[in-house]
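This report refers to the structure that appears directly beneath it.
Numbering (our numbering), first residue to last: 16 to 188.
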């Protein structure tokens with residue numbers, strides 16, 4: 016089922032978005048765990064990176080989607096974790112999530128970031144250039160299907176770290 020192209024606009028979150036983002040993430044997942052994770056990451060000064068929490072707005076300016084990139088490490092070297100990505104159920108499959116992810120990847124590149132990691136659906140994230148993290152010599156700190164742990168190098172001319180991912184404490188892994 017295809018949807019007509021939607022003129023999604025995206026922007027970094029502001030302090031006024033906190034409750035709305037919590038509502039979006041809560042609505043998109045079966046439990047509030049992911050929404051609570053966003054709040055915990057926002058409070059973690061070592062994990063939170065200003066400008067990498069991206070909101071997708073509907074035409075009237077209402078936030079309907081969200082993608083979060085936070086600091087993680089691979090063998091001690093900085094990388095980014097993309098998690099969670101959420102869209103209100105009423106706006107899913109319209110490109111709202113993709114718009115937030117693409118905006119976040121652009122912002123990360125502009126900040127000089129390179130390696131981005133995501134644990135997610137192998138049929139969704141490759142459209143952004145993600146490939147199995149194992150091909151980058153990166154592994155999760157827990158058992159996960161190879162195709163679900165993915166990595167993306169924003170600047171392929173730069174070397175990326177190899178080793179095991181260390182997530183912020185809020186992830187609880």
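From the three backbone atoms N, C-alpha and C, an ideal C-beta is built for every residue, glycine too.
Values in this document were obtained by computation on a predicted structure and should not be read as measured data.
According to DSSP, is residue 68 helix, strand or coil?
In the structure shown, residue 68 sits in a strand (DSSP, three-state: E or B).
Distance CB(residue 52)-CB(residue 99) smaller than 8 Å
Going by C-beta atoms, residue 52 is nearer than 8 Å to residue 99.
Just to confirm before moving on: does the CB-CB distance between residue 31 and residue 80 stay below 8 Å?
Taking 8 Å as the Cβ cut-off, residue 31 and residue 80 do not qualify as a contacting pair.
Ignore the nearest five residues each way along the sequence and tell me which others in residue 40's own chain have a CB closer than 7 Å to its CB.
49, 50, 53, 81, 99, 101
Given this structure, state the Cα-to-Cα distance separating residue 130 from residue 168, to the nearest angstrom.
5 Å
Name the two residues that bound the continuous beta strand (DSSP E) containing residue 86.
78–89
Using only CA atoms, which one of 105, 45, 112 lies nearest to residue 68?
112
With distance defined between alpha-carbon atoms, name the residue in 64, 47, 23 nearest to residue 126.
64
Spatial neighbours of residue 188 within its chain, please: C-beta separation below 7 Å, excluding the five flanking residues on both sides.
156, 157, 182
Contained alpha helix (DSSP H) runs [length at least 4] in the region 107–153, N- to C-terminal order
111–125
Can you say whether residue 159 is buried or exposed, counting buried as having 16 or more other CB atoms within 10 angstroms of its CB?
exposed
By alpha-carbon positions, which one of 163, 108, 122 ends up nearest to residue 26?
122
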